[in-house]
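This report refers to the structure that appears directly beneath it.
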């Protein structure tokens, strides 16, 4: 392995500039949409973008919201430490999208619902709806804190970037553009961030493959060391990944996201018709598959580069989730701006996931908790303001939970 592992490259001024520009662009999109919609302050406008969004921004938002920063650094680590079986998950994408688009989403459109959990009240009772809403909120708060904290910790360990500086800057920008711009800002910002994510993983794959000796050499080294495996069709329940577990397990997991999760359902409901919604779901499929396949192959590239001197074994890093950030700094740190593109891509994954969660939780809490108690005196304009206030409060909770991760886990990332 190259000596750059021990003479680690540092973030350049241009890298910092690219990271900051990413945050500024995201914030600017929120400000623009807030100004554009300043005379349309209603709950439908804030939470569902007026129900008039086009297919492309919704598709990109679905893709960006699903692929978090944890996925971007976790999938390569999975392929590096274990093998390429993780890439079988890409096959689950069209299966889950098909079932979600033609079984679940039509129910919400036909019943004219604005909240995924409204269906539970119609099917069971109000208490069931409230219980599930509260469970969803607890889950999302924990998840969003991890999505912000984990990549910040990984990059702090490898690049020296300020842990709380990155968490606070990303979190504050996210809550501002989500609150003032509403769902339209979230969708368009997600689209911008989706492009950044794809750019980041593709640049890493191309430059990394060149540094590791080319695609053929990467494949040869990975194969010789047992990292190439696509043929485990066993039914052994103790095996980490089998074809059946990866495809069937991932398909069911993704159905719970695209078919019933409030954050995803809310996005599909921003389309004017069911057909537009279904089209947006299908357009998101190539992006989902690319993240899994390219992410897995990035793990093989990292393995080929470090196979003679594993940074985990030598103690250079402490967790598998630091592998890709270390690799990026080692091979791309000498190119000003390239490392900045990668960190911007990873934190774009964090921003898109957090903004999705904030907007979804605001909608769920407003519809299921606030409105039932204030309905007679609650105007639509006031409800829109309350939903924004709820989002701000939730993000404060996110910072608090992220602080707990910092206190309890410090320099490790076990939850990722």
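In our numbering, the protein residues as written are 16 to 431.
The C-beta atom is built at its ideal place from N, Cα and C for all residues, glycine as well.
Query: Compute the Euclidean distance between the alpha carbons of residue 71 and residue 282, then round it to the nearest angstrom.; Result: 12 Å
Query: Can you round the beta-carbon distance between residue 155 and residue 285 to whole angstroms, since I take them to be within the 8 Å contact cut?; Result: Actually they do not touch by this definition, with Cβ atoms about 19 Å apart.
Query: Three-state secondary structure (DSSP) at residue 325?; Result: coil
Query: Are the CB atoms of residue 88 and residue 166 within a distance shorter than 8 Å?; Result: yes
Query: In angstroms with no decimal places, state the Cα-to-Cα distance between residue 215 and residue 34.; Result: 12 Å
Query: At what residues does the alpha helix (DSSP H) containing residue 351 begin and finish?; Result: Premise fails: residue 351 is in no alpha helix (DSSP H) and is neither H nor E.
Query: Could you tell me how far apart the beta carbons of residue 120 and residue 292 are, in whole angstroms, since I believe they sit closer than 8 Å?; Result: 6 Å
Query: Using the beta-carbon count (16 or more within 10 Å), is residue 240 buried or exposed?; Result: exposed
Query: Can you look up residue 393 in the DSSP assignment and give me helix, strand or coil?; Result: coil
Query: Among residues of its own chain, excluding the 5 on either side of residue 360, which ones have a beta-carbon nearer than 6 Å to its beta-carbon?; Result: 211, 212 and 215
Query: Using only the alpha-carbon positions, how far apart do residue 28 and residue 351 sit?; Result: 8 Å
Query: Can you round the beta-carbon distance between residue 270 and residue 115 to whole angstroms, since I take them to be within the 8 Å contact cut?; Result: 6 Å
Query: Taking the CB atoms as reference points, tell me whether residue 223 and residue 342 lie closer together than 8 Å.; Result: yes
Query: In whole angstroms, give me the CA-to-CA distance for residue 320 and residue 257.; Result: 26 Å
Query: Which residues in the same chain have their Cβ closer than 8 Å to the Cβ of residue 2, if we skip the five residues on either side of it in sequence?; Result: Residue 2 lies beyond the stretch modelled for the chain, which goes from 16 to 431, so this question has no answer here.
Query: Using 8 Å as the cut-off, can you tell me whether the stretch 308-316 makes contact with the stretch 131-151, which would need three or more C-beta pairs spanning the two stretches below that distance?; Result: no
Query: What residues in its chain sit with their C-beta under 8 Å from that of residue 157, if we drop five residues either side in the sequence?; Result: 416
Query: Using the Cβ count rule (16 or more neighbours within 10 Å means buried), how would you classify residue 126?; Result: exposed
Query: Note down the Cα distance separating residue 132 from residue 381, rounded to an integer number of angstroms.; Result: 12 Å
Query: Output the residue ranges of the alpha helix (DSSP H) runs that lie fully inside the stretch 243-327 and measure 4 residues or longer, sorted by chain position.; Result: 265-270, 277-283 and 289-321
Query: Please report the distance separating the alpha-carbon of residue 37 from that of residue 189.; Result: 12 Å
Query: Nearest to residue 362 by alpha carbon, out of 336, 104, 309 and 163?; Result: 163
Query: Suppose the cutoff is 6 Å on Cβ atoms and the five residues either side in sequence are ignored; what does the same chain contact list for residue 328 look like?; Result: none
Query: Closest to residue 237 by CA distance: which of 182, 185 and 98 is it?; Result: 98
Query: How would you call residue 95, buried or exposed, if buried means at least 16 neighbouring beta carbons within 10 angstroms?; Result: buried
Query: Buried or exposed, going by whether 16 or more other CB atoms sit within 10 Å of the CB of residue 326?; Result: buried
Query: Considering just the uninterrupted stretch of the alpha helix (DSSP H) at residue 114, what are its terminal residues?; Result: 104-114
Query: Can you tell me whether DSSP reads residue 68 as helix, strand or coil?; Result: coil
Query: Which whole-angstrom value describes the C-beta separation of residue 336 and residue 92, a residue pair presumed to lie in contact below a C-beta threshold of 8 Å?; Result: 5 Å
Query: Looking at the structure shown, is residue 128 part of a helix, part of a strand, or coil, going by DSSP?; Result: coil
Query: Determine the extent of the alpha helix (DSSP H) in which residue 62 is found, giving its start and end residues.; Result: 58-63
Query: I need the boundaries of the alpha helix (DSSP H) containing residue 212, first residue and last residue.; Result: 178-226
Query: Could you check if residue 137 is buried or exposed, using at least 16 other CB atoms within 10 Å of its CB as the buried criterion?; Result: exposed
Query: Distance, Cα to Cα, residue 255 vs residue 304?; Result: 20 Å
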